[in-house]
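**Student:**
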Amino acid sequence: MTEQPQPFRDPRLPFAKRIDDLLQRLTPDERIAMLHQFAPAVDRLGLGAFRTGQEALHGVAWMGPATVFPQAVGLGATWNDALVRRVGEAVGNEVRAKRAQDDRVGLNVWAPTVNLLRNPLWGRGEEGYSEDACLTSAIAVAYTRGLRGDHPIYWRTAPVLKHWLAHNNETDRDTASSSVRPRVLHEYDLKAFRDAVRAGAVAGVMPAYNLVNGRPNHVSPFLAQQLRGWTDQSLVVCSDAGAPSNLVDSEHYFDTHEEATAAALRAGVDSFTDHGQDPTVMTGRIRGALERGLLDERDIDIAVRRLLQLRFSLGEFDPGLDPFAGAADFDTAEHRALAQEAAEQAVVLLKNDGLLPLEPVAGRTVAVVGLLADACKLDWYSGTLIHRSTPLDGIRERFGAEHVVFAEGVDLVRLKCADGWLQVPAADTGQASARGAQGALDPALLAGRTDLPPLTCGDTPTDLALVDWGNGVITLREPAGRYLSVAEDGCLRASADEPGGWIVRETFRLEAVEGHAGGHRILHIGTGGYVSVAADGVKVAVPGEEIPAPGTGAPATGAPGADDAPGTVFEMEVTERGEDAVARAAASADTVIVVAGNDAHINGRETEDRTTLDLPAQQERLWRAAHAANPRTVLAVTSAYPYALTDAAATLPALLWTAHGGQAAGTALARVLAGDVSPAGRLPQTWYASDAELPGLLDYDIIGSRQTYLYYRGTPLYPFGHGLSYSEFTYSGLTAERSGDLVRVSLTVTNTGAVAADEVAQLYVRAVAPSVPRPLRQLAGHRRLHLAPGAAERVEFGVPVTELGHWDVAHGRWTVEPGAYEVQAGASSADIRTVTVLTVEGEPPGPRQVLTRGLEAADYDEQLGTVIVDRTKTEGDAVTASATRNELLYRRCDFGAGAQDLAVSASGEGAVHITVDGATVTVPVSATGGPYDYRTHRAAISASGVRDLRVTLDGAVRLARMSFTGEAQ
11 MTEQPQPFRD
21 PRLPFAKRID
31 DLLQRLTPDE
41 RIAMLHQFAP
51 AVDRLGLGAF
61 RTGQEALHGV
71 AWMGPATVFP
81 QAVGLGATWN
91 DALVRRVGEA
101 VGNEVRAKRA
111 QDDRVGLNVW
121 APTVNLLRNP
131 LWGRGEEGYS
141 EDACLTSAIA
151 VAYTRGLRGD
161 HPIYWRTAPV
171 LKHWLAHNNE
181 TDRDTASSSV
191 RPRVLHEYDL
201 KAFRDAVRAG
211 AVAGVMPAYN
221 LVNGRPNHVS
231 PFLAQQLRGW
241 TDQSLVVCSD
251 AGAPSNLVDS
261 EHYFDTHEEA
271 TAAALRAGVD
281 SFTDHGQDPT
291 VMTGRIRGAL
301 ERGLLDERDI
311 DIAVRRLLQL
321 RFSLGEFDPG
331 LDPFAGAADF
341 DTAEHRALAQ
351 EAAEQAVVLL
361 KNDGLLPLEP
371 VAGRTVAVVG
381 LLADACKLDW
391 YSGTLIHRST
401 PLDGIRERFG
411 AEHVVFAEGV
421 DLVRLKCADG
431 WLQVPAADTG
441 QASARGAQGA
451 LDPALLAGRT
461 DLPPLTCGDT
471 PTDLALVDWG
481 NGVITLREPA
491 GRYLSVAEDG
501 CLRASADEPG
511 GWIVRETFRL
521 EAVEGHAGGH
531 RILHIGTGGY
541 VSVAADGVKV
551 AVPGEEIPAP
561 GTGAPATGAP
571 GADDAPGTVF
581 EMEVTERGED
591 AVARAAASAD
601 TVIVVAGNDA
611 HINGRETEDR
621 TTLDLPAQQE
631 RLWRAAHAAN
641 PRTVLAVTSA
651 YPYALTDAAA
661 TLPALLWTAH
671 GGQAAGTALA
681 RVLAGDVSPA
691 GRLPQTWYAS
701 DAELPGLLDY
711 DIIGSRQTYL
721 YYRGTPLYPF
731 GHGLSYSEFT
741 YSGLTAERSG
751 DLVRVSLTVT
761 NTGAVAADEV
771 AQLYVRAVAP
781 SVPRPLRQLA
791 GHRRLHLAPG
801 AAERVEFGVP
811 VTELGHWDVA
821 HGRWTVEPGA
831 YEVQAGASSA
841 DIRTVTVLTV
851 EGEPPGPRQV
861 LTRGLEAADY
871 DEQLGTVIVD
881 RTKTEGDAVT
891 ASATRNELLY
901 RRCDFGAGAQ
911 DLAVSASGEG
921 AVHITVDGAT
931 VTVPVSATGG
941 PYDYRTHRAA
951 ISASGVRDLR
961 VTLDGAVRLA
971 RMSFTGEAQ
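11 is the number of the first residue of the sequence shown in the working numbering; add one for each residue after it.
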């Protein structure tokens, strides 16, 4: 007689029944253990260990060599859903292939990032796709479908969207609160997540570190009220690293970790990423919460059930049926070609006065100059390069090395102190692998090299390549190409192949020494210590450390413990300025390519926002020197972010931009420059002309402060959707008609130029006469198509009618107002080629029915000097003043035949002033028992008919709601 398998092992049963069976077999402790990121094995049931979280933003990250695709913002710049889906498939296959060789690799991938690129100073802008929710959703849907695979039951990988919700600042990221009004919440921030979740290829989300409306995202009511209402599919919510502890330690939102953990679990967090690979702290907190009655076993079971659903979907329990179990596609020819194709499609031609393309011809020389000309930069979420192509490599290959001259443009310097010249000792650097090449579950723990001798001072100087990356942040590199770096032992060595790491150990700042002409101390930014010459080599002094000076037992001059200020004083001798080398190279060539941009680990990355849109001064000098020597100068910007290139745009004949393009970046750029590929990348975010055009980094009200292309009324340097081509296109025959719940749009795009090229047709909609502020235009669809010269293609879009709508704060619902809507098609948000008008029939929304619905304080139409805060720790909003001059405006309030009584729900202490039709009622709010102790305060009011209502707040009042009683019409 054949033994029947345990029901949870029986593939003939549906997952739900199998999970029921497995759940009842697990002990309470085994269930609790599953709630940590690193869930241990359950040997008695044959369950293996499992971990949530494998970074895969644009390739398999952190786990050693992998195919490296363009940064996420570069994938967004392709505006090509089909391409991005293929990238997702390739990444998913490489995850599977690496998993087969290394069980540290997880199949629950934490990607993509769908936070909208609202402000270009956000340090993590490289991780997102676009400032627009429609484009972000389309690219995210494509990438997640590729990661997931097409099988109806089993998933290739299980993607988790990051970072829920309204997260665009690294400054105070774990304590700052994003004030997000209901319209922005529903029309902007939620939309980026919603469409991807509804598409069915998302396994869950990761909450962000920040707070929204005063409440941490890890206890967000929107996880239940919004996220899990968008789909019937099981979704897993994985906490961000350390965020559960932040609820107590930095945010002080709860008094104890047991309360915090229980609140997060009840809000919908299923997997806790905290305390690294040690689950005991978090499981102890969960047990403590159970003992205190803050949780019950049902709360545990709900989360475990979701996690088991995830594991079943990944084929863990059915290895013989898992169609992805044998995936071995890794670094294949197809993946290499796809990485190049993606890099080519991400290149955006910003300006071209006819200089491009540069057709390679006999005798033509090209100067390739700039700090990124021979660089292939990676970011924190990159894998280790297997293949590497810099712009210099690509241009030499395409134009012939004999026709290319090169000047990096670094400043060559020597540093001298009282003990002699700073020098790099001769040493066998060996064949050390790149940082992270062996893979690491937590690359933040990777240590620097200590096998090389530290720098010394002596009679022979070492020429160092100095780069100023802006804000006074510099790197120093020795002639063999290694960067000066400080390892955990505090010694300064030439040991790093590139700047990098969670704490970058290759960046310094020169600080002038008062009274010492030309003298500088060198601050090591990563440790906060100063470079000091010691008896056993050059070190960085940490606070309280005494470093013995060479030849003495006394503390080194300037070291902590010495009588004078910290750090050795160095004088710097410049042996060559970068702009001089660039000018010589430019003068010797027919055309110059200046490659500028950023290092993705410096001045803008996770944990660090940018402070300016300006290109660093050193790079500004380089392009100016090149242009002065040769007017045929092209500026190619390779960066994770936009720059305010106002002068360059006015001066130079050609500009291009691409995000860091991964392993094939150089080849792709060269092919675009040579005209092998006509550029068709499009900007996924607005490029502003100056810092003065930007709102505050923490201002999330894109409507009120007129942010992004949706509301910005100024003239950007380059608009959203911008990108030029080597060909020309016309748009014609635009039609739009309503068919049920869709607006069916079609148009013809024709290549009227002389070369085959891609074009990105962009479809926008605009309400002609809206009753509330609406976007100037809003992307409703896009299509990238390839057309031969003279060829035409009819392009069709199906736009849901709901895309014409907005969140109606007066009635608490989504609404599409009747009236005229322009349907616009063109090559960018500022290059509209054809327009038609569609009329939507229906009844217009009425005024606010304040006698029956009252007024929620956060449902204002306009505000000044206020922020939204949490009404309770579990749900609801209130509004409080952030400035003495403040106001809330509620338009079209219907008081019927007359309102006589007013009830204000508020906490804190101060007053609420309510003005209707010029008459003001002041409602004093006496001190309550804390910010969550809301009480009702009553006053008489006289108002009738439809009127605007204005509110101002005094003191620390938190206004939740206003109610009115009277006689309806």
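Beta carbons are placed, not taken as given, at the ideal position from N, Cα and C, and that holds for glycine.
1. Under the three-state reduction of DSSP, which class applies to I712: helix, strand or coil?
2. Does the segment 705-719 come close enough to the segment 658-665 that 3 or more CB-CB pairs lie under 8 Å?
3. Along the chain, which unbroken stretches of the beta strand (DSSP E) at least 3 residues long are found entirely within the segment 338-398?
4. With a CB to CB cut of under 6 Å and the five nearest residues on each side skipped, what residues in its chain are close to A893?
5. Please work out which residues of its chain come closer than 6 Å, Cβ to Cβ, to A913, disregarding the five sequence neighbours upstream and downstream, and give them in chain order.
6. Are V414 and V358 close, meaning C-beta to C-beta below 8 Å?
7. Would you mind sorting S255 into buried or exposed? The rule is 16 or more other CB atoms within 10 Å of its CB.
8. Figure out for me which residue from G750, F334, V933 and G918 has the closest Cα to the Cα of D911.
9. List in chain order: all unbroken alpha helix (DSSP H) runs of 4+ residues lying wholly within the segment 205-250.
10. Would you kindly check if the distance between the Cβ of A669 and the Cβ of P80 is under 8 Å?
11. Just to confirm, are F905 and S954 a CB contact at a threshold of 8 Å?
12. Using the C-alpha atoms, what's the distance from C467 back to A572?
13. Specify the secondary structure class of A569 as computed by DSSP and reduced to three states.
14. Kindly list the residues whose CB is nearer than 7 Å to the CB of D619, restricted to its own chain and excluding five residues on each side of it in sequence; keep chain order.
15. Do R642 and L365 have their C-beta atoms within less than 8 Å of each other?
16. Do you know how far the Cα of A417 is from the Cα of R69?
17. Can you tell me where the alpha helix (DSSP H) with W633 in it begins and where it stops?
18. Output the boundary residues of the alpha helix (DSSP H) element that contains H3.
19. List the whole-angstrom C-beta distance separating D280 from V246, where the pair is believed to meet the contact cut-off of C-beta under 8 Å.
20. Quick one: any contact between the segment 579-588 and the segment 521-536, if contact means 3 or more CB pairs under 8 Å?
21. V190 by DSSP, collapsed to three states: which one?
22. Among residues of its own chain, excluding the 5 on either side of R374, which ones have a beta-carbon nearer than 8 Å to its beta-carbon?
23. I want to know whether the segment 214-229 touches the segment 837-854 - three or more CB-CB distances under 8 Å.
24. For the alpha helix (DSSP H) containing E104, name the first residue and the last one.
25. Could you check if G419 is buried or exposed, using at least 16 other CB atoms within 10 Å of its CB as the buried criterion?
26. For L45, collect the residues of the same chain with a Cβ closer than 8 Å to its Cβ; drop the 5 residues on either side in sequence, then sort them by chain order.
27. Rounded to whole angstroms, what's the CA-CA distance from M11 to A51? Just pull it up for me.
28. By Cβ distance, which residues of its chain are closer than 6 Å to H990, with the 5 residues on each side in sequence left out?
29. Give a yes or no on whether the C-beta atoms belonging to A627 and A596 are separated by under 8 Å.
30. Quick one: is S936 buried, meaning 16 or more other Cβ sit within 10 Å of its Cβ, or exposed?
31. Would you say P705 and Q695 are within 8 Å of each other, going by their C-beta atoms?
32. What would DSSP say about P169, mapped onto helix, strand or coil?
33. Could you please give the first and the last residue of the uninterrupted beta strand (DSSP E) stretch that includes M292?
34. Is it right to say W824 is buried, meaning 16 or more other beta carbons lie within 10 angstroms of its own, or is it exposed?
35. State the Cα-Cα distance for the pair G743 and S715, rounded to the nearest angstrom.
36. For G330, which of helix, strand or coil comes out of DSSP?
**Tutor:** By the coordinates alone:
1. Three-state DSSP puts I712 in coil, outside helix and strand.
2. They do not touch, by the three-pair rule.
3. Listed in chain order, the complete beta strand (DSSP E) runs (minimum 3 residues) inside the segment 338-398 are 358-362 and 376-379.
4. Sequence-distant Cβ neighbours of A893 in its own chain, meaning closer than 6 Å and more than five residues away, are G875.
5. If you ignore the 5 residues before and after A913, its C-beta comes within less than 6 Å of the C-beta of T946, R948 and S973, all in its own chain and listed in chain order.
6. One thing to note: V414 has its Cβ no nearer than 8 Å to the Cβ of V358.
7. Classification for S255: buried.
8. For D911, the nearest C-alpha among the options comes from V933.
9. The alpha helix (DSSP H) runs of length 4 or more contained entirely in the segment 205-250 are, from start to end of the chain, 232-235.
10. Between P80 and A669, the CB-CB gap stays under 8 Å.
11. Yes.
12. Any reading at A572 must be qualified, since the residue scores a pLDDT of 41, below 50, and its modelled position is unreliable; the value itself is stated next. Distance from the CA of A572 to the CA of C467, rounded to the nearest whole angstrom, comes to 19 Å.
13. With a pLDDT of 43 at A569, under the threshold of 50, the predicted position of this residue should be treated as unreliable, though the coordinate-derived value follows. A569 falls in the coil class under three-state DSSP.
14. Here the set comprises L131, W132, G133, N179, E180, T181 and L707.
15. Yes, the Cβ-Cβ distance between R642 and L365 is below 8 Å.
16. It is Gly, not Arg, that sits at residue 69 in the sequence shown. C-alpha separation (whole angstroms): 31 Å.
17. In the DSSP assignment, W633 falls within the alpha helix (DSSP H) that extends over A627 to A639.
18. Only positions 11 to 979 of the chain appear in this structure, which leaves residue 3 out of reach.
19. So it is a contact: roughly 5 Å between Cβ atoms.
20. Contact holds: three or more Cβ-Cβ distances are below 8 Å.
21. Of the three classes helix, strand and coil, the one that applies to V190 here is coil, per DSSP.
22. For R374, where only same-chain residues beyond five positions count, the Cβ hits under 8 Å are L368, F409, H413, D600 and T601.
23. No, because fewer than three Cβ pairs between the segment 214-229 and the segment 837-854 fall closer than 8 Å, the two stretches do not touch.
24. In this chain, the alpha helix (DSSP H) harbouring E104 covers D91 to Q111.
25. Under this definition G419 is a buried residue.
26. Take L45, set aside five residues on each side of it, and the residues of its chain with a beta-carbon closer than 8 Å to its own are L275, D280, S281, F282, M292, T293, I296, I310, A313, V314 and L317, in chain order.
27. Interpretation of M11 is limited by its pLDDT of 46, a score under 50 that renders its predicted location unreliable; the figure taken from the coordinates is listed afterwards. Looking at the two C-alpha atoms, the distance is approximately 31 Å.
28. Absent from the structure is residue 990, since the part of the chain shown begins at 11 and ends at 979.
29. No. Outside cutoff.
30. By the beta-carbon neighbour count (other beta carbons within 10 angstroms, threshold 16), S936 is exposed.
31. The criterion of a C-beta distance shorter than 8 Å is not satisfied by P705 and Q695.
32. Strand at P169.
33. In the DSSP annotation of this structure, M292 is not part of any beta strand (DSSP E); the continuous alpha helix (DSSP H) holding it starts and ends at T290 to E301.
34. With fewer than 16 Cβ atoms within 10 Å of its Cβ, W824 is classed as exposed.
35. About 36 Å.
36. Annotated three-state conformation of G330 is coil, per DSSP.
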